[in-house]
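Engineer:
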Amino acid sequence: MCGWVGDGDKEAFSKFMDEETRDSRKSLKAIRLVVEEGLNQLPYKECTVTTPTGEAMEQGLRDCCRSIRIGKILIQSDEETQRAKVYYAKFPPDIYRRKVLLMYPILSTGNTVIEAVKVLIEHGVQPSVIILLSLFSTPHGAKSIIQEFPDITILTTEVHPVAPTHFGQKYFGTD
Numbered sequence: 001m002c003g004w005v006g007d008g009d010k011e012a013f014s015k016f017m018d019e020e021t022r023d024s025r026k027s028l029k030a031i032r033l034v035v036e037e038g039l040n041q042l043p044y045k046e047c048t049v050t051t052p053t054g055e056a057m058e059q060g061l062r063d064c065c066r067s068i069r070i071g072k073i074l075i076q077s078d079e080e081t082q083r084a085k086v087y088y089a090k091f092p093p094d095i096y097r098r099k100v101l102l103m104y105p106i107l108s109t110g111n112t113v114i115e116a117v118k119v120l121i122e123h124g125v126q127p128s129v130i131i132l133l134s135l136f137s138t139p140h141g142a143k144s145i146i147q148e149f150p151d152i153t154i155l156t157t158e159v160h161p162v163a164p165t166h167f168g169q170k171y172f173g174t175d
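Per UniProt numbering, the sequence shown runs over residues 1 to 175.
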């Protein structure tokens with residue numbers, strides 16, 4: 001059986017094959033398209049997966065800074081009490097000497113981020129060197145964080161009273 005990777009990708013492949021327009025980025029894109037389609041052909045079974053949304057932003061960071069050192073914090077909030085609990089934390093050994101980008105896509109109550117900042121402080125990081133990157137934030141969440149840690153920097157695309165819960169569903173294809 002022989003198949004085409006996708007009708008929308010014919011132009012990308014024709015440019016890849018053209019000697020005048022060939023470059024390494026187009027080669028990597030062509031390779032990625034073929035590999036992705038190959039993965040789509042593998043058998044699978046449906047299952048439910050709970051994915052930490054903070055990792056939704058990791059690829060964007062890696063695309064900008066390929067050699068960046070990344071730490072991980074796994075925190076889950078109790079659905080009834082909204083209390084955040086740390087399950088895992090691992091950082092580069094010299095994190096206390098670095099600026100820290102703390103990524104959390106949807107900032108609602110701020111409880112999880114506050115707990116993450118506390119973990120960073122336990123590892124010697126000062127709040128003044130932490131930059132929180134968030135796609136969406138509620139006023140309540142941002143205010144909670146600033147009240148607890150006034151020296152932290154928050155960068156977000158939008159502040160809105162209601163957090164867009166559909167982001168994770170769209171991003172992870174669970175809608």
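Beta carbons are placed, not taken as given, at the ideal position from N, Cα and C, and that holds for glycine.
1) Please work out which residues of its chain come closer than 8 Å, Cβ to Cβ, to residue 102, disregarding the five sequence neighbours upstream and downstream, and give them in chain order.
2) Evaluate contact between the stretch 85-104 and the stretch 56-76, counting only Cβ atoms and requiring at least three cross-stretch pairs below 8 Å.
3) Here's a check: name, in chain order, each residue in its chain whose Cβ is nearer than 6 Å to the Cβ of residue 155, leaving out the five neighbours to either side.
4) For the alpha helix (DSSP H) that contains residue 113, what are its first and last residues?
5) Quick check for students: name the residue ranges of the alpha helix (DSSP H) that lie wholly in the UniProt domain "Phosphoribosyltransferase" (54-160), counting only runs of 4 or more.
6) Taking only the alpha-carbon atoms, compute the straight-line gap between residue 126 and residue 164 and give it to the nearest angstrom.
7) Could you name the residues of the same chain whose beta carbon sits closer than 6 Å to that of residue 135, not counting the 5 residues immediately before and after it, in chain order?
8) Using 8 Å for Cβ pairs, my map puts residue 67 next to residue 110. What's the rounded Cβ distance?
9) With distances taken between CB atoms, is the gap from residue 70 to residue 79 smaller than 8 Å?
10) From residue 63 to residue 100, what distance separates their C-alpha atoms?
11) Please identify the residue among 107, 153, 60, 151 whose C-alpha is closest to the C-alpha of residue 140.
12) So is residue 128 buried or exposed if we call it buried at 16+ other beta carbons inside 10 Å?
13) I'd like the list of long-range same chain contacts for residue 195, defined as Cβ closer than 6 Å, with 5 residues on each side in sequence excluded.
Structural biologist: So, to answer that:
1) 113, 116, 117, 120, 130, 131, 132, 133
2) yes
3) 133
4) 111-122
5) 58-64, 111-122, 139-148
6) 30 Å
7) Counting only Cβ-Cβ distances below 6 Å, and skipping sequence neighbours, we find 105, 157.
8) That belief does not hold up - the Cβ atoms of residue 67 and residue 110 are roughly 31 Å apart, past 8 Å.
9) no
10) 17 Å
11) The residue with the shortest Cα to Cα distance from residue 140 is 107.
12) exposed
13) Here the chain comprises residues numbered 1 to 175, so residue 195 is not present and cannot be evaluated.
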